[in-house]
Amino acid sequence: MVENIKFLLSKSKLSILIKFVRYLFDNKSFSIMESAYLYIRVSTDEQKRKGYSLPEQQDQLLKYCSHNNIQVRGIFSEDYSAKNFNRPEWKKLIAEVKKSSKTEENNILFIKWDRFSRNIEYAYEMIGLLRKYNANAMAIDQPIDFSVPESTVMLAVYLAIPEAENTRRALNTVNGLRRAKQLGRYPNRAPKGYLNLTGLDGRKYIAPKEPEAGILSWVYQLLSTNTYRLEEARMMAKARGFRCSRSYFWRLLQNPVYCGFVRLAPSSNNINELVKGVHEPIISEQLFYQVQNIIRTKRKVIGKTDELKNIFFLKGYLTCPVCKNKLRGSLSKGYNKKYGYYHCSGKCKVRIRAEALNNSYSHQLRQMRLSKYATELFALVLEDFNIGTKKLEYLLERRKLSKHVSSPVFQTIQKYNFVLNFPAINRWEI
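Mapping of the sequence shown onto this note's numbering: residues 6 to 435, in sequence order.
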């Protein structure tokens, strides 16, 4: 009786062992793997916090391959963020897998799934791409059996946790930077004219950097006179050794850090709030806002567009004598300067010197005289315009203007005094 019981027990143990062995061979995560690529990744902050050094990961993976008789086909290691798969070494690994996708099955081993990706959306997309290339991704510390449908739940957990950690870390960083700015510190990279330094207490701050700080102060003084364009000021600063692009120069001039303030990023509670900084300002607050008023409004200095309008003020009113198309205006470079020309927009090659035609047009205007009916017409036009505005001061101006127009002195029309809004008068055919 006792011997029969022992035989049954041994038989039951044997059946359990056989089932376990079958499970090992049927389970893909523990199936016999002949070869694999090793992928090792670390980012700088992870290496400091968790000690995920590249040599340590490589040592663990090599021991795993040695213990399981897996041939290492290649090792790919890099120091890159896992927020996406735009990584140099990973791209090389995918290229290798793609080459042999039609002939054999490939395997990629890494320590944990956070080495693979920290973005669940990109991770699932990459897993699908690997299946297309007949490849499997495996984490030795977090094995997944893809043949079992319920294993996708564990995969989702393994992929979601790193993404949540990444999002939380980014949020903490943003809040920390904002808190530092609220205290008047400038934790970001120092703008041009300043230098990043670290105090004895370990806190970072910015200090003026010469000669850039002095040149910037001189630029603000220069622009406050309202006699130079931004590009002229930039080129003058460049001659003194201050080099930057046009767009960056524009952003520098609007940065309140130079007058001792720190700008907070917009949030639900404030919009571009300014905080008094603890750093040394380069210019005064009064000078900063004086320059802002100049560069943000229409300055008295004539810009390039205004200069072209003055040269080609007949543009849009001239027609070609050959094909009747409108004439355009453009500048042609000469030996010493540029010359303006009106030219046809069609296929004919009509070109007329802008200076000569403008002078001829001005001469014709000076020969014109306003008749009594024209004076009344101007008065009606002004009255119609002022009725639309419904402003008393406009009506008063109309009465004053009517008196001036009726006077003998004002009978001669200068080209800059009136803009004639009648096609029959304005369209000057040549």
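A virtual CB, placed ideally from N, CA and C, is assigned to each residue, including glycine. Since the structure is predicted, the reported quantities are computational estimates derived from the model, not experimental observations.
Residue burial annotation: HIS368 is exposed, with fewer than 16 other C-beta atoms found within 10 angstroms of its C-beta. Contact between the region 96-116 and the region 151-171 is absent: fewer than three C-beta pairs spanning the two stretches fall below 8 Å.
Straight-line spacing of the CA atoms in TYR225 and TYR199 works out to 16 Å.
If you look at PHE254, you'll find it isn't in any beta strand (DSSP E); it sits in the alpha helix (DSSP H) that goes 251-258. Counting along the chain, no beta strand (DSSP E) covers PRO271, and no H or E run does either.
HIS348 sits in a strand when the DSSP states are folded into three classes.
Here ASP119 is buried: its Cβ has 16 or more other Cβ atoms, across all protein chains shown, within 10 Å.
No Cβ-Cβ contact shorter than 8 Å links ILE357 with TYR344. By the Cβ test, the region 294-303 is not in contact with the region 317-336, since fewer than three Cβ pairs between them sit closer than 8 Å. Taking a cut-off of 8 Å for Cβ pairs, the region 215-231 and the region 254-267 touch, as three or more such pairs fall below it. Looking at the DSSP output, SER337 bridges to TYR344. According to the DSSP assignment, PHE115 belongs to the beta strand (DSSP E) that extends over 111-115. Taking a C-beta distance under 8 Å as the contact criterion, ALA359 and GLY334 qualify as a contact pair. When C-alpha distances from TRP223 are compared across TYR294, ALA238, ALA270, LEU385, the shortest belongs to ALA238. Following the DSSP letters along the chain, one finds MET159 inside the alpha helix (DSSP H) bounded by residues 156-187. Assigned with DSSP and collapsed to three states, LYS281 falls in strand. The three-state secondary structure of PRO148, taken from DSSP, is coil. Distances from the alpha-carbon of ASN89 to those of GLN297, ASN315, ASN171, GLY79 put ASN171 closest. Judged by beta-carbon spacing, LEU135 lies within the 8 Å limit of ALA142, meaning their Cβ atoms are closer than that value. Secondary-structure assignment with DSSP links ARG46 through a beta bridge to GLU83. Close CB contacts of TYR127 within its chain, under the 7 Å cut and outside five residues either way in sequence, are with ASN89, PHE90 (chain order). PRO93 places its beta carbon less than 8 Å from that of GLU83. Between SER48 and TYR85, the gap from beta carbon to beta carbon is short of 8 Å.
Taking C-alpha positions only, GLY351 is separated from LYS342 by approximately 27 Å.
A distance of 8 Å or more separates the beta carbons of VAL267 and TYR210. For the 8 Å CB-CB criterion, VAL283 and GLY189 form a contact. Rounded to the nearest whole angstrom, the CA to CA distance from CYS70 to ARG46 is 18 Å. For ILE211, the enclosing beta strand (DSSP E) has its first and last residue at 209-213. Beta bridge pairing from DSSP links ARG92 with no other residue. The C-beta separation of PHE81 from TYR44 comes to about 5 Å, placing the pair in contact by the 8 Å criterion. Our two residues, ARG183 and ILE287, have alpha carbons roughly 23 Å apart in a direct line. Close CB contacts of ALA175 within its chain, under the 7 Å cut and outside five residues either way in sequence, are absent.
Straight through space, the alpha carbons of ASN330 and CYS349 are spaced by roughly 7 Å.
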